[in-house]
Amino acid sequence: MEHHCKAFILHCMDFRLGKPIKELLERQGALGDCDIVSVAGGVKSLLSPKSSSDRAFILSQIDISVNLHRISEIILSNHTDCGAYGGSSKFDSFKKECEFHASEMKKAKEIILSKYPQLKVKMILGKIFPSGQVQFEEIG
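Each residue of the sequence shown is one higher than the one before, counting from 66 in the numbering used here.
In structure tokens, the structure reads:
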């Protein structure tokens with residue numbers, strides 16, 4: 066039995082992202098055409114996991130998606146005010162917080178591309194505002 070999908074997305078499990086992530090995937094044409102992995106901190110499990118098994122789990126899910134579903138793209142998404150990273154209060158400014166998460170996703174991208182150079186990797190930062198609104202920005 067063969068079934069393929071376009072992409073794999075790794076994002077934070079934060080409940081505030083449920084509907085916005087679904088809408089983002091729909092806009093990108095990936096809803097219903099991607100493997101979705103949701104863990105606390107998003108890419109944090111790849112870069113600074115609580116245990117090595119956390120990193121191994123994420124990498125195994127990517128491996129399954131690549132080999133079983135033949136994905137061509139990975140979407141990495143972190144967000145501001147992420148509890149796994151200590152929340153917004155950990156940062157001196159919103160700008161520094163956004164820069165930090167962009168840097169984290171870039172490091173995760175390097176890890177993924179070192180194993181899967183054939184994949185396209187998108188990085189998307191979810192900016193959560195005090196109103197609860199979530200705005201996504203693709204990081205170049």
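Just so it is clear, CB atoms sit at the ideal spot from N, CA and C, and this is done for glycine as well. Here the structure is a predicted model, which means the values were calculated and not measured.
### Task
For Ile123, I'd like the list of residues in its chain whose CB is within less than 6 Å of its CB, leaving aside the five on either flank, ordered along the chain.
Excluding five sequence positions before and after Ile123, the CB atoms of its chain that fall closer than 6 Å to its own CB belong to Ser110, Leu111, given in chain order.
### Task
Output the distance between the C-alpha atoms of Val186 and Leu178, rounded to the nearest integer angstrom.
Straight through space, the alpha carbons of Leu178 and Val186 are spaced by roughly 8 Å.
### Message
Between which two residues does the beta strand (DSSP E) holding Gln200 run?
### Response
Looking at the DSSP string, the run of the beta strand (DSSP E) that includes Gln200 is 199-204.
### Task
Would you kindly work out how many angstroms separate the C-alpha atoms of His68 and His134, rounded to a whole number?
Approximately 6 Å, taken between the alpha carbons.
### Query
Under 8 Å, do Glu203 and Ile193 count as touching if we go by C-beta distance?
No, the Cβ-Cβ distance between Glu203 and Ile193 is not below 8 Å.
### Message
Is the separation between the beta-carbon of Gly191 and that of Ser113 shorter than 8 Å?
### Response
Cβ atoms of Gly191 and Ser113: not closer than 8 Å.
### Query
So, are the CB atoms of Ser130 and Asp98 less than 8 Å apart?
Contact flag unset, no.
### Query
Taking the alpha-carbon positions, what's the Lys160 to Gly152 distance?
Those two C-alpha atoms are separated by around 14 Å.
### Task
Less than 8 Å between the CB atoms is what I'm expecting for Met78 and Ser116, so what's the real figure, rounded?
In this structure, Met78 and Ser116 do not form a Cβ contact; the two beta carbons are roughly 17 Å apart against a cut-off of 8 Å.
### Query
By how many angstroms is the C-alpha of Cys70 removed from the C-alpha of Gly148?
Looking at the two C-alpha atoms, the distance is approximately 31 Å.
### Task
Put Met188 into one of helix, strand or coil per three-state DSSP.
Met188 falls in the strand class under three-state DSSP.
### Task
Please report how far the alpha carbon of Ile86 lies from the alpha carbon of Leu96, in whole angstroms.
Going from the Cα of Ile86 to the Cα of Leu96 covers about 9 Å.
### Spatial distance of Ser196 from Arg81 (CA atoms)
Their backbone Cα atoms lie some 11 Å apart in a straight line.
### Local conformation of Glu138 per DSSP, three classes
Three-state DSSP puts Glu138 in a strand.
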